[in-house]
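Heads up, the sequence shown is in the working numbering, so the first residue is 31 and it goes up one at a time. Backbone N, C-alpha and C fix where the C-beta goes; we use that ideal spot for every residue, glycine too. Step one of this worksheet: look at the structure below.
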Amino acid sequence: MKNIWMIALVCLNILSTFGQQKIDLLGSFDRTQPIKLSEIAKSVRTIQLETTDDCLLVPENMRVHYGQEYIFVFDGTEPGNFYRFDLNGKFINKIGNAGPGPKEYIDAHSFKVDEIKKEVWLPDWRSNSIKIYTYEGEFIRKIPCEGLIHDRFLIKDDRVFYANSNFYWGAHTTELSYADAQTGKLYSKLKSTIPNDLKINILLDPQLLYTYRDEVYYKNPLKDVVCSIDTSGKNIKLTPRYKLNIGERDHKRRDDYFKPQRNLRYVSVYRIYESDNFILIASVYKDKLYRTVCSKKDWQCKSSEYDEGFINDMEPGNKYFQYRSGSSMSQNHIVMVIPDEVGDDNPAITVVELK
């Protein structure tokens, strides 16, 4: 009986490996088509953000988290400022300060929000740490990280997952880690699988981390699979879930790894959002930006070029919706930043609730 159960378990593992869903991303670019916002959205809301002398925003580089109670914004400057607004766009307070002090961050260009503990996490990439603040902007603690993380991290329960932006520097570097969210103590880490003879100076393709249905998903930028992360044991285990048709790199030209516009046969994926009904993918191919909707009903992909965006058929007078790739998916929302068009220095955001 024991042998029968072992055989069944092995078969199940094999089926789960080969049963990963295939997504024809590359094929959809040959038949780009307009995509209506109503195909993916339940509702649309535009919110004007209040600016003051203490809160100035650069719309072109802003990042937004639309939360259950508040809106959080990175202002798009360097070394970065972070603000909290109410859901009607009224400015409330600034979060943290840039500087060399122990309670300050040196340089931060992104953030995450823990809405359960009401904390704002700022990745201070110059100090290889994450600085954590209250909603009111007061410093709480910092946790150390191995390697540069930029915005490649997420919080889940009492753990933090983060990817090392320099994982491609050698086979012995750490690619992915997960640690205690209070102390930063490592639970486990995944060693890089990059061969030693692969010489890359700069890799522009990002590592991707996101959550869906209480699971954590990860994509290595040099691979064509999206995996879920199983951390039930002592070591991180990756299980393939989606296989993306993204073409092939030209291995004879190593600079194609960090200059994807030179490799016309390869799709560079830089953002993935997942809901119960579809997967949204933002990518670059042949030096063009694309937005792709992959339906979970039939796993067919519809793609449009970035400049076209989604046709906004849900608001009068608005012709398109281009969601910001760095914006949050909290509460199943995506966000578009609208520059100031009336001369009062107040940018707006359009918030779309996904189906």
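How many angstroms separate the CA atom of residue i from the CA atom of residue j?
i: tyrosine 192; j: isoleucine 179; result: 7 Å
i: alanine 211; j: cysteine 175; result: 11 Å
i: alanine 138; j: glycine 177; result: 15 Å
i: valine 299; j: valine 323; result: 13 Å
i: valine 255; j: threonine 164; result: 36 Å
i: leucine 234; j: tyrosine 198; result: 11 Å
i: arginine 75; j: proline 346; result: 12 Å
i: leucine 67; j: phenylalanine 351; result: 7 Å
i: asparagine 111; j: leucine 238; result: 24 Å
i: leucine 70; j: asparagine 118; result: Note that residue 70 corresponds to isoleucine in the displayed sequence, not to leucine. Their Cα atoms are separated by approximately 24 Å.
i: lysine 221; j: lysine 161; result: 25 Å
i: threonine 82; j: lysine 215; result: 40 Å
i: threonine 204; j: aspartate 188; result: 21 Å
i: valine 365; j: lysine 267; result: 32 Å
i: isoleucine 125; j: tryptophan 151; result: 10 Å
i: proline 89; j: threonine 107; result: 10 Å
i: asparagine 196; j: aspartate 317; result: 24 Å
i: valine 367; j: proline 130; result: 31 Å
i: leucine 206; j: asparagine 265; result: 11 Å
i: aspartate 260; j: lysine 273; result: 18 Å
i: aspartate 84; j: arginine 114; result: 12 Å
i: aspartate 286; j: glutamate 168; result: Confidence at aspartate 286 is low in this model, with a pLDDT of 49, below 50, so the placement of that residue should be treated as unreliable; the coordinate-derived value is given next. Distance between the alpha carbons of aspartate 286 and glutamate 168 is about 44 Å.
i: asparagine 91; j: proline 109; result: 12 Å
i: methionine 344; j: tyrosine 217; result: 46 Å
i: proline 290; j: aspartate 60; result: For proline 290, the predicted structure reports a pLDDT of 49, less than 50, and the residue's modelled location is therefore unreliable. A value from the coordinates is still provided. So the alpha carbons of these two residues sit roughly 19 Å apart.
i: arginine 271; j: asparagine 123; result: 41 Å
i: histidine 363; j: isoleucine 232; result: 32 Å
i: isoleucine 309; j: proline 369; result: 27 Å
Could you check how far apart the C-beta atoms of residue i and residue j are, in whole angstroms? I think they sit under 8 Å.
i: leucine 436; j: leucine 87; result: Any question about residue 436 goes unanswered here, given that the chain covers just 31 to 385.
i: isoleucine 170; j: glutamate 149; result: 7 Å
i: lysine 142; j: serine 159; result: The pair is not a contact, with the Cβ atoms about 14 Å apart (cut-off 8 Å).
i: proline 132; j: isoleucine 341; result: That pair is no contact at about 50 Å.
i: arginine 354; j: valine 94; result: 7 Å
i: alanine 418; j: isoleucine 224; result: The first residue shown for the chain is 31 and the last is 385, placing residue 418 beyond what the model contains.
i: serine 140; j: lysine 332; result: About 29 Å; that fails the 8 Å criterion.
Under 8 Å between the Cβ atoms of residue i and residue j?
i: glutamate 338; j: serine 73; result: no
i: lysine 385; j: asparagine 307; result: yes
i: asparagine 275; j: isoleucine 53; result: yes
i: serine 262; j: tyrosine 247; result: no
i: tyrosine 320; j: tyrosine 303; result: no
i: tyrosine 96; j: valine 381; result: yes
i: proline 153; j: phenylalanine 121; result: no
i: serine 313; j: threonine 62; result: no
Quick check on this structure: which residue in the options has the alpha carbon closest to the alpha carbon of residue i?
i: serine 305; options: Leu319, Arg321, Asn194, Ser325; result: Ser325
i: aspartate 105; options: Asn275, Lys215, Asn376; result: Asn376
i: isoleucine 101; options: Asp116, Pro270, Asp244, Asp154; result: Asp116
i: arginine 156; options: Gly167, Asp181, Glu166, Glu168; result: Asp181
i: glutamate 278; options: Ala71, Tyr113, Tyr296, Gly263; result: Tyr296
i: leucine 252; options: Thr241, Tyr240, Arg243, Pro236; result: Pro236
i: tryptophan 329; options: Ser140, Thr81, Ile311; result: Ile311
i: leucine 55; options: Tyr315, Lys120, Val190; result: Tyr315
i: asparagine 127; options: Lys147, Glu99, Glu166, Met92; result: Glu166
i: threonine 213; options: Asn123, Val190, Tyr113, Leu206; result: Val190
i: tyrosine 244; options: Asn194, Ile185, Lys264, Arg61; result: Just to set this straight, residue 244 is aspartate in the shown sequence, not tyrosine. Here the closest residue by C-alpha is Ile185.
i: arginine 301; options: Tyr240, Thr269, Lys147; result: Tyr240
i: glutamate 99; options: Lys147, Ser313, Thr62; result: Lys147
i: glutamine 50; options: Lys349, Met92, Thr269, Ala378; result: Thr269
i: asparagine 348; options: Asn194, Ile232, Pro109, Ile379; result: Ile379
i: asparagine 250; options: Tyr217, Ile309, Asn194; result: Asn194
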